[in-house]
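One structure below.
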Amino acid sequence: MPETSGVLIVGSINVDLTTFSARVPERGETITGDAFELQLGGKGANQAVAVARAGATAHMVGCVGDDVFGRLVTESLGTAGVDLQHVRTVPGQTGIAHIRVADDGDNDIVVVPQANASLDAAQLERAFSALAGSARVLLTQLETPFAITLAAARLAREAGMTVILDPAPAAPLDPAIWPLVDIVKPNESEASLLTGIRVDSREGAIAAGNWFLERGAGAALITMGGAGSVLITAEGTTDHPSIPVEVVDTTAAGDAYAGALAAAIAGGLPLEQAIRRAAAAGAIAVTRRGSSSSVPTAAEVDALLG
4 MPETSGVLIV GSINVDLTTF SARVPERGET ITGDAFELQL GGKGANQAVA
54 VARAGATAHM VGCVGDDVFG RLVTESLGTA GVDLQHVRTV PGQTGIAHIR
104 VADDGDNDIV VVPQANASLD AAQLERAFSA LAGSARVLLT QLETPFAITL
154 AAARLAREAG MTVILDPAPA APLDPAIWPL VDIVKPNESE ASLLTGIRVD
204 SREGAIAAGN WFLERGAGAA LITMGGAGSV LITAEGTTDH PSIPVEVVDT
254 TAAGDAYAGA LAAAIAGGLP LEQAIRRAAA AGAIAVTRRG SSSSVPTAAE
304 VDALLG
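For the sequence shown, my numbering gives the first residue as 4, with consecutive numbering after it.
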């Protein structure tokens with residue numbers, strides 16, 4: 004890939020504590036699980052790993068604590084090939100996510116941000132200044148303070164980068180963000196929460212996509228699980244089918260999708276082709292247990308598409 008094919012990922016870095024059981028317990032109930040995993044997680048970190056495994060240069064901007072979990076997650080990011088120059092260690096605890104996965108692949112998650120809340124404007128500015136000209140795409144989410152997300156989008160726009168926002172976990176946002184976003188990539192529940200439009204069909208996805216466009220976003224790519232995704236732009240709407248697979252664990256599937264999408268765009272692929280690669284990455288991820296460990300390589304995506 005050319006020198007400008009890097010992706011700058013601004014986001015969360017967590018350690019994931021994941022339990023696997025036949026079902027999720029009812030309120031107040033204790034059940035016996037089948038397995039437990041402790042590994043790198045956080046939407047930002049997962050997406051950085053996905054970018055690196057997709058073959059692009061991944062520049063991570065985030066914070067970890069000075070605890071044992073901080074050392075674990077930075078080592079995991081480095082092993083995955085992620086550039087750690089702009090990952091800062093701060094006093095206190097690294098962010099954590101407690102994930103419960105049932106046999107049908109569904110999960111629920113509690114995130115405790117901890118060190119992620121320390122990401123600040125000065126750190127952002129240093130990263131953008133150092134990486135000017137080497138990163139083509141900004142990929143960011145909502146697990147760090149929104150003021151930082153907004154500042155990152157502004158810096159990226161000034162630098163002429165493509166801005167991709169994965170608006171998760173979804174929350175009402177300052178409308179100033181939308182004109183700064185080239186591609187917003189919510190799933191159906193996130194799109195529903197952000198727009199107030201029920202997204203349970205293609206028609207609902209199109210209506211929600213137009214809501215984003217009316218507020219200034221360049222494109223809306225709404226993912227709908229097994230129903231595929233819908234891309235809404237000023238030029239029209241295109242449908243992108245999912246790739247049928249057996250679902251084991253949906254954790255980080257959206258992150259695998261987002262990272263592969265960003266890497267493909269940074270590498271110069273047209274958006275339609277980038278979406279196809281993203282769908283394949285997400286499809287592979289749901290067939291595996293875990294978060295960052297479920298993210299596929301470019302070769303695995305090639306094999307599935309081939």
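Where is the CB? At the ideal position from N, CA and C, for every residue including glycine.
The way I'd put it, the segment 115 to 132 doesn't touch the segment 27 to 40; fewer than three beta-carbon pairs between them come closer than 8 angstroms. For Asn-213, the enclosing alpha helix (DSSP H) begins and ends at 205 to 217. Per DSSP, the beta bridge partners of Asp-86 are His-62.
Under DSSP, the beta-bridge partners assigned to Phe-23 are Ala-38 and Val-104. Counting C-beta atoms within 10 angstroms of its own C-beta, Arg-201 has fewer than 16 neighbours from the protein chains shown and is therefore classed as exposed.
In this structure, the beta-carbon distance from Ala-230 to Ala-57 does not fall below 8 angstroms. Each residue's CA atom was taken as its position, placing Pro-170 and Ala-286 some 20 angstroms apart. Close CB contacts of Asp-70 within its chain, under the 7 angstroms cut and outside five residues either way in sequence, are with Gln-96 and Thr-97 (chain order).
The DSSP-derived three-state label of Arg-279 is helix. In the structure shown, Asp-123 falls within a coil segment according to DSSP collapsed to helix, strand and coil. Around the beta-carbon of Gly-136, fewer than 16 other beta-carbon atoms lie within 10 Å, marking it exposed.
Contact annotation: the segment 57 to 66 touches the segment 85 to 92, with at least three C-beta pairs closer than 8 angstroms.
Taking 8 angstroms as the upper bound for CB-CB distance, Asp-19 and Ser-294 are in contact here, some 5 angstroms apart. DSSP lists no beta-bridge partner residue for Gly-221.
Collapsing the DSSP output to three states places Thr-300 in coil.
For Pro-28, the CB contacts under 7 angstroms within the same chain, skipping 5 residues up- and downstream, are Ile-34 in chain order. Beta-carbon to beta-carbon, Leu-80 and Leu-43 are separated by about 7 angstroms, close enough to satisfy the 8 angstroms threshold. Here the alpha carbon of Pro-273 sits roughly 35 angstroms from the alpha carbon of Val-104.
Annotated as proximal: Thr-143 and Ala-155, with beta-carbon spacing under 8 angstroms.
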